Structures are given as structure tokens and as C-alpha cells.
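Heads up, the thing below is written out as C-alpha cells.
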Amino acid sequence: MSDAASSGGTSHGPAGPELPDLRAADADRERVAELLRDALAEGRLDMSEFEERLDATYKARTYGELEPITRDLPTHGAAKVSMVKRPGSPESDAPATIDWAGRMVDGEPSSVGGFAFWSGFSRKGGWVVGRQFTAFAMWGGGEIDLREAYFTERDVEIRCFTVMGGLQVIVPPEMNVVVRGLGIMGGFDDKATGVGTPGSPRVVVKGFALMGGVGVDRKLRKAEKLRLKEERRREKLERREARRAAQWERAEQHRIGHEERHELHMRKREKRREGRGPGGPGGSPDVPQDSPGDSQ
Numbered sequence: 629m630s631d632a633a634s635s636g637g638t639s640h641g642p643a644g645p646e647l648p649d650l651r652a653a654d655a656d657r658e659r660v661a662e663l664l665r666d667a668l669a670e671g672r673l674d675m676s677e678f679e680e681r682l683d684a685t686y687k688a689r690t691y692g693e694l695e696p697i698t699r700d701l702p703t704h705g706a707a708k709v710s711m712v713k714r715p716g717s718p719e720s721d722a723p724a725t726i727d728w729a730g731r732m733v734d735g736e737p738s739s740v741g742g743f744a745f746w747s748g749f750s751r752k753g754g755w756v757v758g759r760q761f762t763a764f765a766m767w768g769g770g771e772i773d774l775r776e777a778y779f780t781e782r783d784v785e786i787r788c789f790t791v792m793g794g795l796q797v798i799v800p801p802e803m804n805v806v807v808r809g810l811g812i813m814g815g816f817d818d819k820a821t822g823v824g825t826p827g828s829p830r831v832v833v834k835g836f837a838l839m840g841g842v843g844v845d846r847k848l849r850k851a852e853k854l855r856l857k858e859e860r861r862r863e864k865l866e867r868r869e870a871r872r873a874a875q876w877e878r879a880e881q882h883r884i885g886h887e888e889r890h891e892l893h894m895r896k897r898e899k900r901r902e903g904r905g906p907g908g909p910g911g912s913p914d915v916p917q918d919s920p921g922d923s924q
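Residue numbers (the working numbering): 629 to 924.
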């Protein structure tokens, strides 16, 4: 095995002592395993090297043990995953959760309302929500996205009014939400009503929809979507690797079976040759017998 994965993946190079002894997460080990699978598929590692480094990867407990395992492998121009995590950095905690204390800010809200008449409006991203936000849409639509928003108050009221139009309120799954709207020849969706995580602001969505609709939906944040997408990609790679391993196992069994059949065939041929040799069945005797005429 190469020095990169020797001694259980412990670094012996100059960079080793500089790496912190922080504990590695499962996601960090999976990122290293993914690089190893790519290297195996490209022929940079043979099967024995791959298995040895993969074993060292899943045994690694710290970032200092993970870093040298892929030190001699390319990253194809992608951003190299830093194994040196700092305490409190976003990558040191996985999966990340909303820091509601950090979402509470002082000052004035960036917007207190939205209006759409034969048009539309959107409030999303890191905007600041105040105690009350009022939205109106007539023959138009609006979007109020609270997934990345900041709040000046713990209790927030979103008032939605629509006439032959539509409004959509998007909240993260971790938020406390109460929906108290009324639909008249329209709809006011209340499926998002529910309790969130501790410290979450309490958002009350109220109003009415006349011949229109107001939807309140819980959707994942962009960072969470990316994390789930990465998990699905890793699972896909693992399934692909499992299929390759199964194919390799079948090929190896076929090769072993072929060698056994060939060896058995050679043994049978050798026995037949021995049977046709001197002194064997059907062969000439070692001492010729006297013919009847020689005795006279």
C-alpha cells in the first residue's frame, strides 16, 4: 500500500502536525470514498489499493487521518474538499440546522408589503421581515419566501388578500406556522400549519382569497436541497460500485470455474496417455512371447 494510506491513514508528511484533531463526520468520509471510487474507475488505483484505502477511510476518526488518503489523487478541477475544518465553521456541523438566534436582527424591515395588479412581486433571499407584512394581488401574483429571511420580531403576521389572483407563502420546514385564511370562491391552503424547531419565529398567515388562491407551503432551503442532492449522488455511486463489484465477482467465479474445468480436462488427457503407454492396456508387452515355430 502507498504511504498515503499507510498506518490507518495517519499523516507522516510535513502538513500532518498542522492538521487539527477534529472529529470527522460521515459526510467527510463519504467524500473521500467518492474520490477513491473515481480513481478506481479511471485506473489510477488497482483493486487492492482501492480496498486498502477505503478501509482506512472508514476507520479514520479525524480530519488529519483523512487528508493524506487522497493526497496523490487529482480532483478534476473541482473545488478540493478541505479536510481542515475550523471549530464553528459551517462545514463542521452536518447536517446544518437553522440558527434562529442568528436570524433575529435589530432595525427596520426591508419590506412591509407587496402589491400586484396585472403584474407580480417577489420577496425572497435574505430580506428582513418585520412584525407585519401585507400582500395584495388582483389579476396578478406574488411570492413571499421566508426560508432565508431575517426577522425583527418573534411573532410575525403575514396578511394576504387576493382577488382573481394568487399569492404563495414559502416557509422552511423548521418554522412555527399558523394559517387562518378564508377562501371565497377560491382557496386558502392551510396544510403548512404546524410546530417548528425550538426558537423559531411564530408566523401567522391570515387574509382572504376571492376567486383566487393563497398557498402556504413548507419547502427545503437551498442548502438542504444541495445536501440531499449530494446524498442521492453518493447513493447512486455506491450502487454503481456495488454493481461493478458484483460483475467482478461473477467474472472471477467464471475464471476460476474455467481454470478448474481446464485442469480436470488435462488430468483426463494425461490418464488416457498413460493408459496407451508401454505395458498399459492395449499396448505392446515388454517381453515378446515365443512363436510356435521357435520351439521346434
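Built from N, CA and C at the ideal position, the CB exists for glycine as well.
Owing to the predicted nature of the structure, the values given are computational and were not obtained by experimental measurement.
Could you tell me the alpha carbon to alpha carbon distance between residue 865 and residue 859, rounded to whole angstroms? As a working note, residue 865 is residue 237 in the sequence shown. As a working note, residue 859 is residue 231 in the sequence shown. Rounded to whole angstroms, the separation of the alpha carbons of residue 859 and residue 865 is 10 Å.
How big is the Cα-Cα spacing for residue 883 and residue 776? Within the sequence shown, numbered from 1, the residue matching residue 883 stands at position 255. Within the sequence shown, numbered from 1, the residue matching residue 776 stands at position 148. Their Cα atoms are separated by approximately 58 Å.
Backbone secondary structure at residue 927 - three-state DSSP: The displayed coordinates of the chain run from 629 to 924. Any statement about residue 927 would go beyond what the structure contains.
Determine whether the beta carbon atoms of residue 816 and residue 789 lie at a separation below 8 Å. The residue you call residue 816 lines up with position 188 of the sequence shown. The residue you call residue 789 lines up with position 161 of the sequence shown. Note that the C-beta distance between residue 816 and residue 789 is not below 8 Å.
Distance, residue 862 Cα to residue 658 Cα: What you label residue 658 is simply residue 30 of the sequence shown in a count that begins at 1. What you label residue 862 is simply residue 234 of the sequence shown in a count that begins at 1. Annotation: residue 658 to residue 862 spans about 8 Å, alpha carbon to alpha carbon.
Tell me the rounded alpha-carbon separation between residue 676 and residue 682. The residue you call residue 676 lines up with position 48 of the sequence shown. The residue you call residue 682 lines up with position 54 of the sequence shown. Looking at the two C-alpha atoms, the distance is approximately 10 Å.
Looking at residue 763 and residue 748, is the spacing between their C-beta atoms short of 8 Å? Taking the first residue of the sequence shown as position 1, residue 748 is located at position 120. Taking the first residue of the sequence shown as position 1, residue 763 is located at position 135. Residue 748 is not a Cβ neighbour of residue 763, given a cutoff of 8 Å.
Cβ atoms of residue 814 and residue 848: under 8 Å apart, would you say? Position 220 of the sequence shown holds residue 848. Position 186 of the sequence shown holds residue 814. Taking 8 Å as the Cβ cut-off, residue 848 and residue 814 do not qualify as a contacting pair.
What is the DSSP secondary structure of residue 819, reduced to helix, strand or coil? By 1-based counting over the sequence shown, the position of residue 819 is 191. Residue state, collapsed to three classes: coil.
Quick one: which unbroken beta strand (DSSP E) runs of 3-plus residues sit fully inside the segment 644–686? Chain order, please. If only uninterrupted beta strand (DSSP E) runs of at least 3 residues are considered, none is enclosed by the segment 644–686.
Could you check the C-alpha separation between residue 871 and residue 754 for me, to the nearest Å? As a working note, residue 871 is residue 243 in the sequence shown. As a working note, residue 754 is residue 126 in the sequence shown. Using only the alpha carbons, I get a separation of about 44 Å.
Where does residue 766 sit, in a helix, a strand or coil, going by DSSP? Counting from one through the sequence shown, the residue named residue 766 turns up at place 138. Strand, per DSSP.
For my contact list, residue 750 and residue 770 are in at a C-beta cut-off of 8 Å; report their separation, rounded to the angstrom. In the sequence shown, counting from the first residue as 1, residue 750 sits at position 122. In the sequence shown, counting from the first residue as 1, residue 770 sits at position 142. That belief holds up - the Cβ atoms of residue 750 and residue 770 are roughly 7 Å apart, short of 8 Å.
Give me the residue from 795, 760 and 879 with the minimum Cα distance to residue 767. Start at 1 with the first residue of the sequence shown, and residue 767 comes out as number 139. Checking every option, the nearest Cα to that of residue 767 belongs to 795.
What residue does the alpha helix (DSSP H) around residue 751 start on, and which one ends it? Your numbering for residue 751 matches position 123 in the sequence shown. First-last for residue 751: 748–751, but that is the beta strand (DSSP E), not the alpha helix (DSSP H).
Quick check: what's the CA-CA separation for residue 735 versus residue 757? Position 107 of the sequence shown, counted from the first residue, corresponds to residue 735. Position 129 of the sequence shown, counted from the first residue, corresponds to residue 757. A straight-line Cα-Cα distance of about 10 Å links residue 735 and residue 757.
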